[in-house]
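Undergrad: I'd like to ask you about the structure that follows.
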Amino acid sequence: MQSQMPLFFILLFLSVFLISQALILPSVGKKVRHKQLMKRLRENYKNIDAESVSLLRENALKDLNPLEKWLIQFSLFENIKKKLDLAGIRTSFSKFLFLSFLAGVALFLVLLLLNQIWYLSLGVICVVWVVEYFVIQKMITDRLQKFEEQLPEALDIIKRVLQAGQPLNHAFYEVGKEMPAPLGPEFLNTYNLLNYGYDLRLAIMQMSERTPTVSMLAFSSAVLLQKETGGNLTENLDKLSHLLRARFKLARKIKTISAESRMSAWVLVLAPFGMYIVIYLINPEYIQALHSDPRGLKMVGGGMIALAIGTLWIRKIVNIEV
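Residue 285 in the UniProt record's numbering sits at position 285 of the sequence shown; the count goes up by one each step and never skips.
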């Protein structure tokens, strides 16, 4: 029984963490929507000539060392690189991989020195890497949400610059100079690409790829549509700015109304774990059957599965897409 106790508590901790992340992290619908946006961007790349594609790839690889250029040939490392870029992590790609691997190996050796079972040590390392993944996902969500919140103000700046008779690339420079991160550096980078010789379409599409949000796709569509067919870009950006502000206002209203439901979800999800801790502290012998009896472990496993399904169901109800 004692040998199963550490494994039981590690699984318990992992279950609480993963279930809580299911309520905190963005819903599956948002991830699907981001994938759809990336698919639409890739479809746009099909219409770009080979010279422009070469220019895009050259710019994407210019800051990578030879090892990183070799690693991103594999889809796994390419996806990790994209997630680091989306999260706004400025650490070198190879340095991030090295530190993650080094932390895992160091933790594994420490647990072995503490006379822990080797497979239990590997499980703890996997937990650390899973936590690292969720932290990066949270950083991506926060960065994209902040970008969307800043975009209406950036559209107002662009509109004023265009009304003053300045070109669009100068408007991007003004936005990059006046707006804080993450929006400011993105527009400033786009301005630098335009000065470097990029076509406006390529520069806008690359910025959309770095910030795959509905708001950014709407902005890029408005700019590219005006470039190809003409029209009043100032008026279109003004309407888009009002539309985005109305969308954020509705989203905040829905979040306020659903606050009670989200709190109820937290109570329902965490109540079983709270009861377990209370009973364990009051009468440890009463709950020992869960650790020592195989039927108890099966009950815990079934309860975890049912709780996970219930958590996802509650999440689908309380997370309302706008």
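All residues carry an ideal CB built from backbone N, CA and C; glycine is no exception.
What does a CB cutoff of less than 7 Å around residue 144 pick up in its chain, not counting 5 residues either side in sequence?
TA: Cβ neighbours of residue 144 beyond the five flanking positions: 211, 213.
Undergrad: For residue 109 and residue 94, I'd like the C-alpha separation in whole angstroms.
TA: Taking the straight line joining both Cα atoms gives about 23 Å.
Undergrad: Among 257, 274, 301, which residue has its Cα nearest to the Cα of residue 317?
TA: Among 257, 274, 301, the Cα nearest to that of residue 317 is on 257.
Undergrad: Looking at the unbroken alpha helix (DSSP H) that takes in residue 185, where does it start and where does it end?
TA: It spans 183–196 - the alpha helix (DSSP H) in which residue 185 sits, taken as one unbroken run.
Undergrad: By Cβ distance, which residues of its chain are closer than 6 Å to residue 287, with the 5 residues on each side in sequence left out?
TA: Same-chain partners within the cutoff: 279, 280.
Undergrad: Terminal residues of the continuous alpha helix (DSSP H) containing residue 90?
TA: Premise fails: residue 90 is in no alpha helix (DSSP H) and is neither H nor E.
Undergrad: Would you identify the three-state DSSP class for residue 321, choosing helix, strand or coil?
TA: It is coil, neither helix nor strand.
Undergrad: Any idea if residue 160 is buried or exposed, counting beta-carbon neighbours within 10 angstroms, 16 or more meaning buried?
TA: Label assigned to residue 160: exposed.
Undergrad: Can you tell me whether residue 108 is helix, strand or coil according to DSSP?
TA: Reduced to three states, the DSSP call for residue 108 is helix.
Undergrad: Could you tell me whether the region 130–139 touches the region 159–174, using the rule of 3 or more Cβ pairs below 8 Å?
TA: Verdict: no, contact absent.
Undergrad: In terms of alpha-carbon separation, which member of 126, 229, 320, 238 lies closest to residue 255?
TA: It is 320.
Undergrad: Helix, strand or coil: how does DSSP classify residue 275 here?
TA: It is helical.
Undergrad: Would you kindly work out how many angstroms separate the C-alpha atoms of residue 27 and residue 165, rounded to a whole number?
TA: Note that residue 27 has pLDDT 46, beneath the 50 cutoff, so the model's placement of it is unreliable and no number is given.
Undergrad: Between which two residues does the alpha helix (DSSP H) carrying residue 206 extend?
TA: Element bounds for residue 206: 200–210.
Undergrad: On the CB-based measure, 16 or more other CB atoms within 10 Å of its CB, does residue 295 come out buried or exposed?
TA: Answer is exposed; the Cβ neighbour count stays below 16.
Undergrad: Within 10 Å of its beta-carbon, does residue 148 have 16 or more other beta-carbons around it, so buried, or fewer, so exposed?
TA: Burial call: buried.
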